[in-house]
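To convert, note that position 319 of the sequence shown is 319 in full-length UniProt numbering; the numbers rise steadily by one, no gaps. Glycine is no exception: its CB is placed at the ideal position from the N, C-alpha and C atoms.
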Amino acid sequence: MFWRMVRGTLFRQKSKMLMIAFTVALGVSLATAMMNVMLGVGDKVNKELKTYGANITVMHKDASILDDLYGLSGEGVSNKFLSESEVTKIKQIFWGFAIVDFAPYLERTGEVEGVSNKVKIYGTWFEKHLVMPTGEEVDAGIKNLKTWWEIKGEWLKDDDLEGVMIGSLIAGKYNIKIGDSINVKGTNETKKLIVRGIINSGGNDDEAIYTVLKTTQDLFDLEDKITMIEVSALTTPDNDLAKKAAQDPNSLTISEYETWYCTAYVSSISYQIQEVLTDSVAKPNRQVAESEGTILNKTELLMLLICILSSFASALGISNLITASVIERSQEIGLIKAIGGTNRRIILLILTEIVLTGIFGGIFGYIAGIGFTQIIGKTVFSSYIEPAVIVVPIDIALVFAVTIIGSIPAIKYLLTLKPTEVLHGR
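Shown next as structure tokens:
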């Protein structure tokens with residue numbers, strides 16, 4: 001009898017039940033999309049933020065001390081160098097797969113014929129193809145690290161020992177054009193280089209020139225030497241543990257150290273880089289790292305708020321629909337009470353009808369939510385977002401919570417309903 005009554009109600013009030021199912025589906029679809037995006041957004045947002053440059057700088061420990069104490073860096077400050085041959089070890093650390101890009105630099109000061117002042121010369125990788133000892137193949141260099149640069153002409157290729165890229169301020173002041181030849185003088189020799197591209201960076205690089213690393217090393221007789229490495233890594237926002245470790249990793253307990261070391265904090269990645277590069281110091285760019293963490297946390301908070309608000313709106317909408325349904329069935333409910341039906345039994349009947357309807361709506365809502373997730377991923381991040389398995393039990397709990405909470409006003413009305421009043425005249 002109980003299930004016959006449930007089935008009868010679902011068919012008699014199918015328009016209202018469909019509206020309840022639609023309301024649940026709408027709430028679940030939004031919640032599903034937001035939770036999937038929230039759980040998968042970390043790497044996506046981090047990758048977007050990587051377009052704004054490196055978040056770790058590596059230099060020789062002696063040069064780092066002078067930079068920290070006196071703000072001095074560059075040529076003439078320290079004659080200590082890192083080794084180019086060790087650079088690929090960066091990809092072999094525990095968090096090597098979190099390293100998105102990196103580029104070594106040899107920074108020197110030289111002379112360009114026809115230019116009155118001495119010029120900063122940077123030798124670097126542009127898009128160097130590397131094969132790791134593990135067999136992994138990666139491309140590293142400033143082409144993907146400096147994506148905001150505007151380049152007139154073309155990027156240098158890493159085998160182009162006769163090419164050079166010059167800053168826009170130098171090019172404009174001395175009327176240097178693409179295809180022109182310039183003589184660059186180092187301490188070891190003078191090279192005639194062809195201008196392949198003009199850099200417009202909006203910063204100090206507009207007053208510098210860039211060559212492939214080998215060219216600058218030859219100019220200054222510094223084979224295998226580099227002064228700095230810029231690293232772009234996907235990181236986890238800092239928490240109290242990460243901040244404590246950044247001050248002194250030795251202050252951590254064994255348990256804290258393991259947690260910190262095995263989490264992709266910018267400080268733990270920097271620490272691991274120092275472990276593999278001889279006499280190096282890896283310093284996080286705190287402004288970049290903290291900005292990334294702040295943006296990521298705010299993005300996740302926004303997703304969570306949308307999820308909560310959509311669930312609240314669904315519960316509110318369901319509440320109105322269920323209350324209207326109970327009022328419409330007041331005579332039927334009054335009759336059930338009159339023939340001995342208890343409030344508990346009637347409440348169970350109402351909740352069963354609503355929960356079944358909610359489950360039906362929740363299934364369609366989850367499917368729609370997966371679709372919304374992929375639309376958001378493709379539109380915002382230009383890639384698909386993998387649905388998280390943990391969202392399924394959360395959605396199930398959400399369906400039950402929304403339908404039960406939405407039923408509370410109707411249940412309160414039901415408890416006050418008196419058979420003599422609703423059946424008067426029958």
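Q. Is it buried or exposed for Thr-32, if we count other Cβ within 10 angstroms and need 16 for buried?
A. On the sequence shown, position 32 is the one that residue 32 refers to. Buried: at least 16 other Cβ atoms inside 10 Å.
Q.
Under DSSP, the alpha helix (DSSP H) around Thr-278 begins and ends at which residues?
A. The residue labelled residue 278 in the question sits at position 278 within the sequence shown. Counting along the chain, Thr-278 falls outside any alpha helix (DSSP H), and DSSP gives it neither H nor E.
Q) Where DSSP assigns a beta bridge to Gly-317, which residues make up the other side? A) By 1-based counting over the sequence shown, the position of residue 317 is 317. Paired residue(s): none; Gly-317 is not in a bridge.
Q | Of the residues Phe-126, Ser-325, Glu-86 and Leu-302, the one placed nearest Ser-407, counting alpha carbons only | A | For the purposes of this step, residue 407 is taken as residue 407 along the sequence shown, with counting starting at 1. That would be Ser-325, whose Cα lies nearest to the Cα of Ser-407.
Q) Do Ile-151 and Ile-199 have their CB atoms nearer than 8 Å? A) Position 151 of the sequence shown holds residue 151. Position 199 of the sequence shown holds residue 199. Cβ distance < 8 Å, so Ile-151 and Ile-199 count as in contact.
Q: List in chain order: all unbroken beta strand (DSSP E) runs of 3+ residues lying wholly within the segment 216-262.
A: 228-233
Q.
I want to check one thing, is the minimum distance from the CB of Phe-126 to the heavy atoms of the ligand GTP below 7 Å?
A. In the structure on display, the ligand GTP does not appear, and there are no ligands present to speak of.
(Q) Which same chain residues end up closer than 8 Å to Leu-145 when comparing Cβ atoms and leaving out the 5 residues on each side of it in sequence? (A) Position 145 of the sequence shown, counted from the first residue, corresponds to residue 145. Closer than 8 Å at Cβ, skipping near neighbours: Gly-53, Ala-54, Asp-101, Phe-102, Ala-103, Glu-230 and Ser-232.
Q | Secondary structure of Leu-415, DSSP reduced to three states | A | The residue given as residue 415 occupies position 415 in the sequence shown. Note: Leu-415 maps to helix in three-state DSSP.
Q) So Gly-179 and Val-195 are in contact, right, with Cβ under 8 Å, and what is the actual spacing, rounded? A) Counting from one through the sequence shown, the residue named residue 179 turns up at place 179. Counting from one through the sequence shown, the residue named residue 195 turns up at place 195. 6 Å between Cβ atoms; contact.
Q: Out of Leu-296, Thr-379 and Leu-414, point me to the one whose CA is closest to Ile-350's CA.
A: To locate residue 350, count along the sequence shown from 1; it is residue 350. For the residues Leu-296, Thr-379 and Leu-414, the minimum Cα distance to Ile-350 belongs to Leu-414.
**Q.** Collapsed DSSP secondary structure at Val-389 in the structure displayed
**A.** Residue 389 sits at position 389 when you count from the first residue of the sequence shown. Coil at Val-389, not helix or strand.
(Q) Quick check on the DSSP output: the alpha helix (DSSP H) that includes Thr-357 runs from which residue to which? (A) Reading the sequence shown from its first residue, position 357 is the one you call residue 357. Its alpha helix (DSSP H) spans residues 343-381.
(Q) Helix, strand or coil, according to DSSP, for Ala-54 in the structure here? (A) Stepping through the sequence shown from its first residue, residue 54 is reached at position 54. In this structure, Ala-54 counts as coil in the three-state DSSP scheme.
Q. How many whole angstroms separate the CB atoms of Leu-26 and Gly-365, which I take to be in contact at a CB cut-off of 8 Å?
A. Here residue 26 refers to the residue found at position 26 when the sequence shown is read from its first residue. Here residue 365 refers to the residue found at position 365 when the sequence shown is read from its first residue. Leu-26 to Gly-365, Cβ: 7 Å. Contact.
Q) If we call anything under 8 Å between Cβ atoms a contact, is Leu-277 one with Lys-89? A) The count along the sequence shown starts at 1 and reaches residue 277 at position 277. The count along the sequence shown starts at 1 and reaches residue 89 at position 89. Yes.
Q.
Per DSSP, what are the beta-bridge partners of Thr-190 in this structure?
A. Taking the first residue of the sequence shown as 1, we reach residue 190 at position 190. Thr-190 pairs with Lys-185.
Q) According to the neighbour-count rule (16 or more other Cβ atoms, all chains shown, within 10 Å of its Cβ), is Asn-250 buried or exposed? A) Looking up residue 250 in the sequence shown gives position 250. It is exposed - the Cβ of Asn-250 has fewer than 16 other Cβ atoms within 10 Å.
Q. For Ile-318 versus Ile-20, is the C-beta spacing smaller than 8 Å?
A. Locating residue 318 in the sequence shown gives position 318, counting from the first residue. Locating residue 20 in the sequence shown gives position 20, counting from the first residue. Cβ distance < 8 Å, so Ile-318 and Ile-20 count as in contact.
Q. Would you report the Cα separation of Ile-295 and Pro-237, rounded to the nearest angstrom?
A. Mapped onto the sequence shown, residue 295 falls at position 295. Mapped onto the sequence shown, residue 237 falls at position 237. One C-alpha to the other measures close to 9 Å.
Q) Is DSSP giving Asn-175 helix, strand or coil here? A) What you label residue 175 is simply residue 175 of the sequence shown in a count that begins at 1. Three-state DSSP puts Asn-175 in coil, outside helix and strand.
Q: Have a look at Ile-327 and Ala-315 and give me their C-alpha separation to the nearest angstrom.
A: Taking the first residue of the sequence shown as 1, we reach residue 327 at position 327. Taking the first residue of the sequence shown as 1, we reach residue 315 at position 315. Between Ile-327 and Ala-315, the C-alpha separation is close to 18 Å.
Q. In angstroms, rounded to a whole number, what distance separates the CA positions of Ala-193 and Glu-111?
A. Within the sequence shown, the letter at position 193 stands for residue 193. Within the sequence shown, the letter at position 111 stands for residue 111. Correcting the residue identity first, residue 193 is Leu in this sequence and not Ala. About 13 Å.
Q.
Going by DSSP in three states, Gly-110 sits in which element: helix, strand or coil?
A. Position 110 of the sequence shown, counting from 1, holds the residue named residue 110. Residue state, collapsed to three classes: strand.
Q. Are there 16 or more other CB atoms within 10 angstroms of the CB of Cys-262, so buried, or fewer, so exposed?
A. Numbered from 1 along the sequence shown, position 262 holds the residue referred to as residue 262. That one is exposed.
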